[in-house]
């Protein structure tokens, strides 16, 4: 109810603040019998963590995931899985000034209006740090898919106005921007360096592509697969837009252009982005997400304090120039979570499966 | 769970099919004491209904809303409110061919994969007719706001690639396209007539603007106001994209451009679209929605049948050239539903309100 | 949220008032492909309906169930199923006096405190008539089980202090009290006739027995099968207690007596009532429910009016002497609804099933 | 969905196993601005903890509650509150035998059927240790009430067949049985000592009494206050029955006896147990709960192993003779959680409150 849970059947609840003891997530509804250990999280957590690159924060986030519950002798038991990530480097001094003054573009003001108080140290729940919980949960959700060989890959399609042209998933990991186009990645570097020099920040667009998703996932009417995907990605801080398949471009096509012809071998085009009527059609699911520039910039800004008095704010410290590369694994995780949830929801609703099941699986005790 | 409900506290459940007995909605969680009668629905239902215009279907939808429950002596009682709209003109002949052949761009194929069956008469639940239930529910949701003087207005920002330039809410109702720019409306008419002549259809973009919304609505982390708005509008058939405030354009701005400065009189700009950190900031909430062209066109299309055999499909009948004007009140209703739900959710979470309340309102029986 | 829905996966939402247009239920989450027609409801609705017996109301409730949605060509489609039962004989005169005066033992006073208003005609939502919706939903829920041959049978174990001794399910339908002991049924008749003569009413105890339920249904920790059963039956008006298996008697046993020994052939005893740790163990599930005497009696009672002024109330009309026989099919339905919901929930949570499934069922489109 | 959450608006999710790292709970929906620190939990956690008495386990449970999130500068922020209790004394040797053999009366067998695996060390989620999370959450829930001066008190009404006669809340804490009748407490001691000598265990009945609860809490139809209370207490392991007010005795009363007359000063009697039509009536809420004897006994028992082979099991160790005194604070906590949830739910549903609110509270930013 209070908004810190997501998913119906594969349900996560995140908790924790940027500058508190740590952050974490409880996963309820994960099937039993899945192998899981703390090392499983290292790769994804490292992807989300700021690297040693010029464009990321100095803050060191070790982000080691502890499994507090739900795993017994190396396998999930069906009990809630709790993952916890301690905050190791939460220096509170730089933020003292923010006790009174609202940062433009941040949630300081709205949290204050909502709750009558505000955890000004690093933004509390509104901090990007919260997304580490989502990435950790995504690692577990991805395991629910393993039998299906579904691939979910995200990358930086556009950064600071520079857009990738040739999409090669193989090179995403070879540049710090997670750009699938090596040549364009070099141009992105220039844009970022320029913004950094100006004490400014840039935004961009992330594309997520799901390959191998079976047809039939999604629920009419409100829990359509695309509706849940839209909510999932829009719930990530800094996201301001989402589109599926042809997206906003579809608004400019005619029906005869936008309809994807169907042949015995599959769909000829994919303007639908893999979803029709809110249900996956077996083709690639394509989601694009607009990410705004980071609001923390090293320039003086006009704002007010808690008493609505005019104030000038100049933040100092080392800020990221862009959140886009770090948000890539977060958006991937959100898509994975939606798919895991709908996969489990799918199972309950076909009578024929139930009948098959009743014949082949003896749930009854006795002779 | 099965996806036909929306909202947590102000919760609607829609039901009914395009060519069945009728469609309807149960609203659970509406406060008691609100005046409500069947006439309250006439204006909005008429707005959603196809008019006598050249671009709409011949099908006559009277769309009279019956109140089946929840109102006693002219006021809501707190009990579930059931609204029912009978189908009056459900001719089934033209659809017989669709028993076997999937229509491109429609949900026929995905429903078949999801449920193992498909109500091919008019699309069943996937029909645009389902949205009448949402509009009816929106009428009730709007009443929850009345004490607040919140205004929610939607209009056709773009149609067939033609975009409104000067936004004048006063003229929305003066043209059949619900375009807020009279001059542009004339150009839209040309585009639509041309598409009609070609047996084709066009899409567009709807903008919804909320004025007067108090700051503080929305829940972190997953039930952010923008996340719920994104889900709400994306759950409407034909919607392929959504953006808040500057939206995809924000991805191309720098932080110094995108941040909205705050002054004692309010925000100087509104790139945020009225929402920061998932919570309303008191400024106008601005949502834009991409609507694809109607997939039913009078042109032969390539498809398959239930046995995946190649087929050619040529639909005949009188189809709408565009869904955009009719979707305007539907999207308005979805935004209203989200706001009503968050308004009620807000009330439960500030301790100070609780304390005030405990002093001023005697809930206890006795002397 | 507002409390008119029940179940997670097989979810029902009831609506309607005793003296309004009618009552009904929306079932969301029913699997597709199940045969369903209006005649399927006749038997159960007749069981709940007051018969021509001396102990039931004169009010004629035809209780014909209309299917408003969710069935296409004789089978469920996966869409929400709406069932509607019109009120045919809602005379409102006798209730006018209740506009001001609260009936003792009824919900008049508490609804007034809760909502600030009260549908005094027949009790509105608090009327026993609401249970007809539950019985109708139970008919659908029972169909979800058909592959499993689970039997759910309820009967009057005790009435007006007279308790059945020899339980013979075969005779339940042969007496108006739904007593499984013919000899005791005769004594019940005497008790009821005596109470009737006194213008009074009697309560009783209903026992529900589930045979053939597979082991493994139920969720720890809060959604235990017995916890959900307790809520289900306690949500029926007039119910004041519930026990599982040995129930309150277990509180007086020693562990060595209460533990049910397990053998290769099954459990030796069934003090557990078929549930251990909140999960079904394959043995018979046994639930007993205490039903209070009907509060509407033909005797003068002490009460107050809406202004808390002292009042004397003497209801006239023909009232039931007892609700117990009519509540029997209602409680049966509630148990069936819980089992259907947990059956569907079970399916999502065993990884092994998922893997089997991924191999045997091709959800993917393409070559 | 998977059953580890409870409550709608004040929602808790518990996690952790008896012999894992620890147990805990996430509370989502707690209002902001409430003072909370780790010392607040000491009293209640100590009450639940086994004391130095002869009838409790040797296991030392320090049960120190750590606040992992949701509190900033000593007050709740509206963010999820996470409470964690480390397991300090989890010796695993004695349980190795239970890897193969199911304990009668425990959840070993049913968990195995449900999940295909079983955390045999101390019962995993099925352990009584899980209830510590509930008690901790109850401490927070109780704070939500503070403005209302509601008192929730539980005690041992009956133990091993011995029932308290004179109820004096003042003496509950003066004897290890939490019996409100000092004279009867002495008899309870005898019964317990005798059972202990026999290597056996005893059950009992706990009564919970809520004083000062305002009228108007509870939701029709399914989320009745008594229905939610029934679920809440039945979800605690070892509970086999629940009754409200006169409970099972009401089934033997006539309507004229059971109806509580209403006078300008309040209800004359309280057979209703403070709840009418599922909504609190302002009188004391009275709940009685049947607790079965602890299934772990020092006597040889008949059972089977995972291959359904016959086995004899003789548990050794030091077991509690009864769970009743320790379950008292757990049941109190469950009742408190239900009341907190319904208190918050109440707030959203009266239009008049909304209107008052809109006038007195300026949520809008600007001039």
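Residue numbers (our numbering), protein chains in the order written: chain A, 892 to 1258; chain B, 892 to 1258; chain C, 892 to 1258; chain D, 892 to 1258.
Virtual Cβ for every residue (Gly too), placed ideally from N, Cα, C.
None of the values given here were measured: they were computed from a predicted structure.
Should residue 1020/D and residue 1187/D be called a contact, given that it needs their Cβ atoms to be closer than 9 Å?
Their beta carbons are not under 9 Å apart, which means residue 1020/D does not touch residue 1187/D by this criterion.
Residues of the region 971-1002 of chain C with Cβ closer than 9 Å to any Cβ of chain D, in chain order
So the close ones are 993, 994, 995, 996, 997, 998, 999, 1000, 1001 and 1002.
Please list, in chain order, all residues of the same chain as residue 893/C whose beta carbon is under 8 Å from its beta carbon, the five residues on each side excluded.
Take residue 893/C, set aside five residues on each side of it, and no residue of its chain has a beta-carbon closer than 8 Å to its own.
Starting from residue 1223/B and walking both ways along the alpha helix (DSSP H), at which residues does that stretch end?
1215-1238 is the span of the alpha helix (DSSP H), which, as asked, contains residue 1223/B.
With respect to 8 Å, is the separation between the Cβ of residue 937/D and the closest non-hydrogen atom of the ligand MN below this value?
Among the ligands in the structure shown, none appear at all, so the ligand MN cannot be discussed.
Own chain, CB closer than 7 Å to residue 1016/D, minus 5 neighbours either side, in chain order:
Listed in chain order, the non-local C-beta contacts of residue 1016/D below 7 Å within the same chain comprise 908, local neighbours out to five positions each way being set aside.
Does residue 1152/D get closer than 9 Å to chain B when you measure Cβ to Cβ?
False, the Cβ-Cβ gap to chain B never drops below 9 Å.
What does the alpha-carbon distance come out to for the pair residue 1037/C and residue 1211/C?
If you draw a straight line from the Cα of residue 1037/C to the Cα of residue 1211/C, it comes to about 34 Å.
Pop quiz: residue 1175/D and residue 996/C are said to be a contact at Cβ under 8 Å. What is the actual Cβ separation, rounded to whole angstroms?
In fact, because the Cβ distance is near 17 Å, the residues do not count as touching under 8 Å.
Using the Cα positions of residue 1167/B and residue 1179/A, report the straight-line distance between them to the nearest angstrom.
Residue 1167/B and residue 1179/A: Cα-Cα distance of roughly 21 Å.
Can you tell me whether residue 1084/B is helix, strand or coil according to DSSP?
In the three-state scheme derived from DSSP, where H, G and I count as helix and E and B as strand, residue 1084/B is classed as helix.
Please check the pair residue 1145/C and residue 1214/D, which I expect to be a contact at CB under 8 Å, by giving their CB distance rounded to whole angstroms.
Not really, about 13 Å apart at Cβ, beyond 8 Å.
From residue 1121/A to residue 1113/A, what does the alpha carbon distance come to, in whole angstroms?
Going from the Cα of residue 1121/A to the Cα of residue 1113/A covers about 12 Å.
For residue 862/D, return the contacting residues in chain B, with the cut-off set at a CB-CB distance below 9 Å.
The structure shown does not extend to residue 862/D, since chain D spans only 892 to 1258, so no value can be given for it.
State the Cα-Cα distance for the pair residue 1003/D and residue 917/A, rounded to the nearest angstrom.
About 23 Å.
Report the option in 1237/B, 927/B and 1075/B whose CA atom is closest to the CA atom of residue 1171/B.
Nearest option by C-alpha distance: 1237/B.
Please report the distance separating the alpha-carbon of residue 1052/A from that of residue 1062/A.
Cα-Cα distance, rounded: 20 Å.
Reduced DSSP secondary structure (H/G/I, E/B, other) of residue 926/A:
DSSP places residue 926/A in strand when its eight states are reduced to three.
Proximity below 9 Å, CB of residue 963/B to CB of residue 1010/C:
Contact flag set, yes.
Give the DSSP bridge partners of residue 1054/C, in chain order.
In the DSSP assignment, the residues bridged to residue 1054/C are 1049/C.
Assign residue 1077/D to one of two classes, buried (16 or more other C-beta atoms within 10 Å of its C-beta) or exposed (fewer than that).
Burial is judged here by how many other beta carbons sit within 10 angstroms of a residue's own beta carbon; residue 1077/D has fewer than 16 and is exposed.
Buried or exposed: which applies to residue 1105/C, given that a residue is buried once 16 or more other Cβ atoms fall within 10 Å of its Cβ?
Residue 1105/C counts as buried, since no fewer than 16 other beta carbons sit within 10 angstroms of its beta carbon.
Whole angstroms are fine: how far does the CA of residue 1042/B sit from the CA of residue 1126/A?
Annotation: residue 1126/A to residue 1042/B spans about 25 Å, alpha carbon to alpha carbon.
Among 1132/C, 1185/C and 1143/C, which has the Cα closest to the Cα of residue 1164/D?
Comparing Cα-Cα distances from residue 1164/D to each of 1132/C, 1185/C and 1143/C, the minimum goes to 1132/C.
Assign residue 1233/C to buried or exposed, taking buried as 16 or more other Cβ atoms, counted over all protein chains shown, within 10 Å of its Cβ.
With 16 or more other Cβ atoms within 10 Å, it is buried.
Report the option in 1109/C, 1101/C, 1192/C and 1071/C whose CA atom is closest to the CA atom of residue 1205/C.
Out of 1109/C, 1101/C, 1192/C and 1071/C, the CA that lies nearest to the CA of residue 1205/C is found in 1192/C.
Under 6 Å Cβ to Cβ from residue 1101/B, same chain only, skipping five residues before and after it: list those, please.
A distance below 6 Å between beta-carbons, with the five flanking residues on each side excluded, links residue 1101/B to the following residues of its chain, in chain order: 1043 and 1176.
Bridge-paired residues (DSSP) for residue 957/D:
DSSP links residue 957/D through a beta bridge to 975/D.
Please state if the CB of residue 976/C and the CB of residue 960/C are separated by a distance shorter than 9 Å.
Taking 9 Å as the Cβ cut-off, residue 960/C and residue 976/C do not qualify as a contacting pair.
8 Å Cβ cut-off: residues of chain A touching residue 895/D
Residues of chain A passing the Cβ test: 917, 919, 970 and 971.
Quick one: Cα of residue 945/D to Cα of residue 1111/D, how far?
With a pLDDT of 48 at residue 945/D, under the threshold of 50, the predicted position of this residue should be treated as unreliable, though the coordinate-derived value follows. In this structure, the straight-line span from the alpha carbon of residue 945/D to that of residue 1111/D is close to 46 Å.
Measure the C-alpha to C-alpha separation of residue 1094/A and residue 1227/D and round it to an integer number of angstroms.
Cα to Cα, the separation comes out at about 47 Å.
Proximity winner among 1040/C, 969/C, 953/C and 1024/C, relative to residue 1008/B (alpha-carbon distances):
Per the Cα distances, 969/C.
Sub-9 Å separation of residue 1216/B and residue 1067/B beta-carbons
Between residue 1216/B and residue 1067/B, the gap from beta carbon to beta carbon is short of 9 Å.
Tell me which same chain residues have a C-beta within less than 8 Å of the C-beta of residue 1054/B, skipping the five on either side of it?
Sequence-distant partners of residue 1054/B (beyond 5 residues in either direction) whose C-beta falls short of 8 Å from its own C-beta, in its chain, are 1048, 1075 and 1096.
With distances taken between CB atoms, is the gap from residue 1029/D to residue 978/D smaller than 9 Å?
Cβ atoms of residue 1029/D and residue 978/D: not closer than 9 Å.
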